[in-house]
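Numbering follows this note's numbering, in which position 46 of the sequence shown is assigned residue number 203; successive positions increment by one, without gaps.
Glycine included, C-beta positions come from ideal geometry on N, C-alpha and C.
Note that the structure is a prediction, hence the values are computed from the model and not measured.
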Amino acid sequence: MKIAIGSDHAGVVLKAEITKILEELSYEVINCGTDSLESVDYPDIAEKVAKEVIDYNILGIIICGTGIGISIAANKIPGIRAALCQDIYTARLAREHNNANIVSIGARITGPGLATEIVKTFIKTDFLEGRHQRRVEKIKEIELNWKRGN
Ligand code: RB5
158 MKIAIGSDHA GVVLKAEITK ILEELSYEVI NCGTDSLESV DYPDIAEKVA KEVIDYNILG
218 IIICGTGIGI SIAANKIPGI RAALCQDIYT ARLAREHNNA NIVSIGARIT GPGLATEIVK
278 TFIKTDFLEG RHQRRVEKIK EIELNWKRGN
């Protein structure tokens, strides 16, 4: 199974650790960069991961210092539901209730052990559908049809 991952410079080390674990779990990991500690702009990485998630209909992982900037950027792309997760419970509910297709992690906030558990929980949990489906449909509706003055 494919999964996309990307980080800015702040998340490079964590990205490598998570990638190693995903590969051990037999995932085909699509690396959207960056791969050096040289400063890059997190929106560029968010866009690359989002493109893979949309094109292949897969899950994605994005990492920046706090996880905030990169998730804000990813959520601007139609079809992306990126959830910033700092704990396992949130990671599970992001999938079950929100059908999030990207998990965002702050490498300067969340240690590698917890970050790994967050990712594992996120990727193994399914959307519950039911009443949650209607709410996710409403998100899509806003995405498609929102206009100033509505
Ligand atoms: C980069 O210094 C930092 O601003 C970025 O990684 C992230 O935390 C932004 O939300």
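Subject >> Nearest neighbour of Gln243, chosen from His254, Leu194, Val260, Ile215 [CA to CA] >> reply: Minimum Cα distance to Gln243 is reached at Val260.
Original post:
Can you give, in chain order, each stretch of the beta strand (DSSP E) that sits fully within the region 234-266 and has at least 3 residues?
Top reply: The qualifying runs are 239-241, 259-263.
Original post:
Per DSSP, Ser228 forms a beta bridge with which residues?
Top reply: DSSP, once it has assigned bridges, lists no residue as partnering Ser228.
**OP:** Could you check how far apart the C-beta atoms of Ala240 and Asn255 are, in whole angstroms? I think they sit under 8 Å.
**Re:** Yes, they are in contact, since the Cβ atoms of Ala240 and Asn255 sit about 6 Å apart, within 8 Å.
Original post:
From which residue to which residue does the alpha helix (DSSP H) around Lys277 run?
Top reply: 269-281
**OP:** Under the assumption that Tyr199 contacts Asp165 (Cβ atoms under 8 Å), give the Cβ distance between them as a whole number of angstroms.
**Re:** 4 Å
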